[in-house]
Amino acid sequence: MTASEPTEPRGPAEPAVSPEPAASAEPAEPAESAASSEPAEPAGLSERDRAVLAMERRGWPGPGAKERAIREGLGLSPTRYYQLLGALLDDPLALEHDPVTVNRLRRVRAEKRRRR
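So the sequence shown is residues 1 to 116, counted in the numbering used here.
Below is the structure:
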């Protein structure tokens with residue numbers, strides 16, 4: 001009977017310890033792989049789209065500095081830059097990525113349209 005006594009305390013202790021780490025380890029792995037796969041796919045915005053939003057987020061001392069930075073930093077003409085920016089303002093993915101900048105630019109655009 002002494003053989004059954006050590007088995008009984010070990011029996012409940014072993015299953016209680018083993019399933020918990022195994023159960024917590026299994027969900028952690030898919031969550032980590034899902035989290036690591038999301039940054040690889042940046043919610044549909046391209047690097048260029050994110051760079052355009054980042055450029056617009058900055059403050060500029062004057063229009064010449066911004067146009068020069070657009071040409072040198074992004075390799076785009078200012079005309080193409082503003083075309084891309086206008087399309088981004090209507091893109092829900094851009095709003096999700098940078099809501100402060102997109103909403104500010106939408107307000108500016110709406111004010112300019114009202115003045116016309």
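Every residue gets a Cβ at the ideal spot worked out from N, C-alpha and C, and that includes glycine.
Cα atoms of Gln83 and Arg71: separation of roughly 14 angstroms, rounded to the nearest angstrom. Boundaries of the alpha helix (DSSP H) around Pro78: 78–89. Counting along the chain, Gly73 sits inside no alpha helix (DSSP H), nor does DSSP assign it H or E at all.
Under the 10 Å beta carbon count, Thr101 is surrounded by 16 or more other beta carbons and is classified as buried. Assignment of Arg116 by DSSP, reduced to helix, strand and coil, places it in the coil class. Secondary structure of Pro92 (DSSP, three-state): helix. In the three-state DSSP reduction, Leu53 falls in the helix class (H, G or I).
For the pair Leu45 and Arg115, the Cα-to-Cα distance works out to about 31 angstroms.
Ala51 and His97 have their C-alpha atoms some 12 angstroms from each other. A direct Cα-to-Cα measurement between Ala87 and Gly62 gives close to 24 angstroms. A straight-line Cα-Cα distance of about 24 angstroms links Arg109 and Gly73. Excluding its 5 nearest sequence neighbours in each direction, Ala69 has C-beta neighbours in its own chain below 7 angstroms: Met55, listed in chain order.
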